[in-house]
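So the structure is just underneath, and the comments pick up after that.
Residue numbers (the working numbering): 71 to 449.
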C-alpha cells in the first residue's frame, strides 16, 4: 500500500476487512483500520524511507490523474522498474484526497506526505496539464509505452428541479473544492469567497453529504440539515460519518424529497419546497423505493443548498479517443484488470466504475499496475 496513512483514515473498514473478521462473531473485530493508521503515522514520524530502486526496464508509462487510483498505480509501476510520469490537471496532486475530503477528516499534510513518498519511488509529476485539452491520450501513446487513466468522476449530478440555478445552490463538488483549495478550513486566517448562509441544507446522505453538512457548521452555519428521501437505515454513508454528523449538531430531515427551490426577485435562494415520502418495494439498488405522499408539500426557509447526490465521469478524455468503448453512464469500460478497448490503454477508479470509495480506486490502481507490467513484458 503506497498510501497507508490515507486508507487508514478513510477506508470503510467496518464493511470490508473488519466486517469479515471472525472475532466479530463473538465480540469486536480486530481494529484493522486503526492499526493501519497508527503504523503509517508512526513510520511517517520516524522518517519513511523508500525501498531500494529496482533495475530500470526502460519502459515508460503515462498516468493521467494524481488521485488515489493514479498515485497507487504510479507507485506500484515505479517499484517494478518502469519510468512513470503523472499528468495532473490541478496545481497540487491528490485529486479527491486533496480537494474533496475535508481537512478535519483527512489532513492535507497527510496527503502531501504520502504523495512525497510516491514521488520518492521515482515517479515524476507534471501539474496544470488537462489531458484531453492540453494534450490527448493518443499523443501520450506516441511517447509512452502504456497509459493509465485515473481521472475520477468529477462532474456533479443534479436534482433537475426548478430553481436549481438560483444564487445559493451549489454542487457538493464546487463547495468542497472551494473550501479545500482556498483553505477556508483555516478561516479567519484565510479569507475566501466561500459564502454560506445561516441555514444550510445538504441533499443526499452519502459520505460526501456528511462532509458538506459538517463543513457548513465549521464555516458558521447556525443550522445544517441533511435532507434525504429514505430512512437512516438506507443511508449510504459510513455509520461513523453519520454518528459524527449527529454529534456535531447536523439535523436530519428524513423521508423527504425536494420539489423546487424558491428565490426572491434578485434570484437569491430563500426556500426549498419538499414532499414527504414513504418507502415502497425495493428498487435496483436493493433499497426500498421512496414513494411520494401526494399533498404533503412543505417549505423550509434556507440560505444555502448543497447538492450531494453523486458524480459522473468527465467526457473530456473519451471524446478524444474514437475507439474507446464507453458505458451508458459515461464511464470507460474495462475488464477486471483495467484493460480498455484500446491496447496499451488502461483505466481504473471512478472513471471506470462511477463514484465509489477511495479504497476501491486504490485497488483498481494496483490491479492495473500488474496488468500494465504484464503488457510491457510481452511487448
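Glycine included, every Cβ here is placed at the ideal spot set by N, Cα and C. Note that the structure is predicted; figures quoted are calculated from it, not measured.
Short Cβ contact (7 Å threshold) for residue i with residue j
i, j, result
"residue 188", "residue 145", "yes"
"residue 241", "residue 377", "yes"
"residue 264", "residue 294", "no"
"residue 375", "residue 320", "no"
"residue 351", "residue 330", "no"
"residue 421", "residue 202", "no"
"residue 88", "residue 109", "no"
"residue 345", "residue 327", "yes"
"residue 388", "residue 394", "yes"
"residue 238", "residue 131", "no"
"residue 333", "residue 236", "yes"
"residue 272", "residue 279", "yes"
"residue 177", "residue 281", "no"
"residue 99", "residue 91", "yes"
"residue 404", "residue 206", "no"
"residue 192", "residue 148", "yes"
Boundaries of the alpha helix (DSSP H) in which residue i is found, first to last residue
i, result
"residue 147", "138 to 149"
"residue 185", "178 to 190"
"residue 252", "Residue 252 -> no alpha helix (DSSP H), and no H or E assigned at all."
"residue 294", "That residue, residue 294, is in no alpha helix (DSSP H); its beta strand (DSSP E) goes 293 to 297."
"residue 77", "74 to 80"
"residue 116", "102 to 116"
"residue 423", "420 to 423"
"residue 166", "166 to 169"
Buried or exposed (CB count within 10 angstroms, at least 16 for buried), residue i
i, result
"residue 129", "buried"
"residue 363", "exposed"
"residue 159", "buried"
"residue 197", "exposed"
"residue 163", "buried"
"residue 93", "exposed"
"residue 213", "exposed"
"residue 317", "exposed"
"residue 174", "exposed"
"residue 315", "buried"
"residue 402", "buried"
"residue 96", "exposed"
"residue 397", "exposed"
"residue 275", "buried"
Residues near residue i in its chain [Cβ-Cβ closer than 8 Å; skip 5 each side]
i, result
"residue 119", "none"
"residue 247", "169 and 170"
"residue 436", "142, 143 and 146"
"residue 150", "124, 127, 439 and 443"
"residue 161", "197 and 198"
"residue 347", "299, 300, 325, 326, 327, 360, 361, 362 and 363"
"residue 86", "429"
Selection from the options that minimises the alpha carbon distance to residue i
i, options, result
"residue 153", "89, 203, 310 and 218", "218"
"residue 194", "203, 139, 156 and 161", "156"
"residue 111", "123, 184, 161 and 343", "184"
"residue 423", "411, 399, 436 and 445", "399"
"residue 225", "160, 383, 328 and 133", "383"
"residue 244", "300, 227, 341 and 313", "227"
"residue 441", "113, 427 and 418", "418"
"residue 372", "134, 381, 296 and 279", "296"
"residue 266", "292, 274, 253 and 273", "292"
"residue 367", "353, 390, 410 and 341", "341"
"residue 359", "300, 412 and 209", "300"
"residue 166", "137, 98 and 206", "137"
"residue 428", "322, 181, 234 and 133", "181"
"residue 370", "434, 323, 140 and 281", "323"
"residue 215", "353, 133, 252 and 192", "133"
"residue 114", "122, 186, 135 and 86", "186"
"residue 336", "233, 252 and 208", "233"
Residues near residue i by beta carbon distance below 6 Å, same chain, minus five either side
i, result
"residue 250", "169"
"residue 415", "217"
"residue 106", "74 and 78"
"residue 304", "357"
"residue 407", "437 and 441"
"residue 200", "159"
"residue 450", "This structure cannot speak to residue 450, because the chain is shown only from 71 to 449."
First through last residue of the beta strand (DSSP E) which encompasses residue i
i, result
"residue 269", "269 to 273"
"residue 194", "194 to 196"
"residue 374", "374 to 377"
"residue 368", "368 to 371"
"residue 223", "Premise fails: residue 223 is in no beta strand (DSSP E) and is neither H nor E."
"residue 348", "339 to 352"
"residue 323", "321 to 323"
"residue 433", "Not the beta strand (DSSP E): residue 433 falls in the alpha helix (DSSP H), residues 428 to 447."
"residue 153", "153 to 157"
"residue 362", "358 to 362"
"residue 312", "It is not in any beta strand (DSSP E) - residue 312 instead sits in the alpha helix (DSSP H) that spans 309 to 318."
Close Cβ partners of residue i (< 7 Å) along its chain, the five nearest in sequence each way excluded
i, result
"residue 277", "307, 308 and 311"
"residue 425", "223, 380 and 381"
"residue 409", "416 and 441"
"residue 71", "77"
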